[in-house]
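A.B. asks: I am attaching a structure below and will ask some questions about it afterwards.
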Amino acid sequence: MKAIVNLEPGIKQLVVDESPNRCPELLSKAQRERALERSFVGLYKWYIDRSQRSRSWNADRSFPWDQFGKSHSPEMMRILEGFFAVEQFNPDYAGNITHIVRASYGRAGFQVSWGSEEMRHSDLWRNCLLASGQRSIDWLDDYVALLRGGEWTVPWDDPTRMLLYQVIQERATQLNYLNAAQIARGDHPTSTLRSDVDPVLAEVARLIAIDEAAHYNFFIEGARLLFYYKPEETAQALIDVIKFYSMPGRDLVPDYASFADALRVSEVFLVRKHYLGETLKTILDNLGVATLAALDDGIKRCRLVPDTEGRMRETTLFESLDYGKLEDSIKALAKRINAYEDDARVSCLHRTQFIPNPAIPSKREEQT
Ligand SMILES: [Fe+2]
Ligand SMILES: [Fe+2]
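To convert, count from 1 in the sequence shown and add 7; that's the numbering used here.
Right under this line is the structure:
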């Protein structure tokens with residue numbers, strides 16, 4: 008069956024829904040892009056609503072800064088300094104990433120809002136440094152001037168790889184802050200930092216970690232959408248991004264090695280445990296990818312099997328991905344977006360639809 012490109016949208020959807028013999032070619036590239044974009048717009052709007060209603064704290068007003076700990080260890084001070092240094096590059100992150108995704112209304116809109124949330128993280132860590140009594144405003148001004156002498160540039164210039172990069176970065180950052188919060192609460196099971204108990208710092212790290220979790224959630228939903236509608240391209244992009252991943256700011260923050268050392272010694276972030284273990288494992292699990300090796304193998308095999316029109320068969324990738332789980336997640340996302348649209352009474356304007364990728368159910372039938 009050929010792609011249905013010239014039908015009215017409503018009729019097109021009916022044909023997709025009613026077709027007894029779905030085949031991989033049913034959705035054209037343009038149709039996949041349209042389905043992706045509409046999902047991203049719905050996800051972005053759902054995200055903004057949730058953010059405004061449940062995470063509306065202010066970096067100055069929401070914390071008792073006069074009660075912040077005044078005797079933090081040198082290791083914790085180095086960590087706070089490093090957190091600030093990395094977050095304060097936000098004008099570069101927000102500006103440069105938004106530019107990469109500007110063609111997508113949903114993704115660009117999200118990046119602008121994301122930038123505003125990231126900026127308050129920078130503001131919070133800046134306040135922590137001042138409130139510690141161990142860093143002066145003069146020191147901070149000099150430090151920012153030094154840092155802003157460099158500019159963060161995107162590690163990837165295509166939107167798919169950039170999104171996958173952000174999936175990893177958000178999850179890793181969230182773990183950093185969750186572990187810092189544990190130390191500040193005094194309940195980290197193994198950290199050597201014992202004198203850094205500080206309820207204000209604990210609340211700061213906890214709230215930023217919640218923001219990072221929300222960011223992760225947006226990007227992982229986006230990654231699922233990309234995997235669902237563009238399996239081969241996304242699979243290759245994921246492999247590339249994991250292979251060359253490096254935390255943002257690593258080459259821009261002076262003496263980054265001492266920051267990395269402080270993270271390691273305090274057990275705020277251990278590469279083997281928190282990156283290779285928790286971060287990558289969670290991401291692959293959330294995407295329904297068994298192992299990277301299996302995914303890599305699926306891509307190679309998929310390139311060996313062109314279809315009758317010379318196009319590569321993405322369906323051979325299906326064995327390395329849990330498509331049942333992936334499709335269930337996409338459907339659940341559409342339901343969540345629809346619930347928001349109904350509640351916000353904007354369904355009368357537009358209702359986000361789940362558009363099945365016909366290649367995927369047919370393969371699922373083959374597998375069962
Ligand atoms: Fe952040
Ligand atoms: Fe974030």
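Backbone N, C-alpha and C fix where the C-beta goes; we use that ideal spot for every residue, glycine too. Given the structure is predicted, the values throughout are model-derived calculations rather than measurements.
Quick check: residue 105 and residue 118, are their CB atoms within less than 8 angstroms of each other?
C.D. replies: Cβ atoms of residue 105 and residue 118: closer than 8 angstroms.
A.B. asks: First and last residue of the alpha helix (DSSP H) that includes residue 342?
C.D. replies: Where residue 342 is concerned, the enclosing alpha helix (DSSP H) stretches over 330–350.
A.B. asks: Put residue 353 into one of helix, strand or coil per three-state DSSP.
C.D. replies: Correct three-state label for residue 353: coil.
A.B. asks: Report the partner residues of residue 296 according to the DSSP bridge assignment.
C.D. replies: In DSSP, residue 296 forms a bridge with 328.
A.B. asks: Helix, strand or coil: how does DSSP classify residue 359 here?
C.D. replies: Reduced to three states, the DSSP call for residue 359 is coil.
A.B. asks: Starting from residue 148 and walking both ways along the alpha helix (DSSP H), at which residues does that stretch end?
C.D. replies: Start and end: 144–154.
A.B. asks: Nearest-angstrom Cα distance between residue 50 and residue 202?
C.D. replies: Rounded to whole angstroms, residue 50 to residue 202 spans 42 angstroms at the Cα level.
A.B. asks: Given the structure, does residue 195 come close to ligand 1, in the sense that its CB is under 7 angstroms from one of the ligand's heavy atoms?
C.D. replies: Residue 195: no, Cβ never under 7 angstroms from ligand 1.
A.B. asks: Considering only heavy atoms of ligand 4, does any lie closer than 7 angstroms to the CB of residue 215?
C.D. replies: No copy of ligand 4 occurs in the structure displayed; its ligands are ligand 1 and ligand 2 alone.
A.B. asks: Determine, using beta-carbon pairs with one atom in the segment 291–307 and one in the segment 227–241, whether at least three such pairs fall under 8 angstroms.
C.D. replies: Enough Cβ pairs lie closer than 8 angstroms, so yes.
A.B. asks: What number of angstroms, rounded off, separates the C-alpha of residue 231 from the C-alpha of residue 343?
C.D. replies: Distance between the alpha carbons of residue 231 and residue 343 is about 15 angstroms.
A.B. asks: For residue 188, which residues in the same chain have their Cβ closer than 7 angstroms to its Cβ, ignoring the five residues on either side in sequence?
C.D. replies: Taken in chain order, the residues that qualify are 209, 212, 213 and 216.
A.B. asks: Would you mind reading off the limits of the alpha helix (DSSP H) that contains residue 273?
C.D. replies: From DSSP, the alpha helix (DSSP H) with residue 273 extends over 263–273.
A.B. asks: What are the complete alpha helix (DSSP H) segments, minimum 4 residues, inside the segment 74–140?
C.D. replies: Runs found: 81–94, 97–107 and 112–138.
A.B. asks: Does the beta-carbon of residue 160 have 16 or more other beta-carbons within 10 angstroms, so that it is buried, or is it exposed?
C.D. replies: Counting Cβ neighbours within 10 Å, residue 160 comes out exposed, since fewer than 16 surround it.
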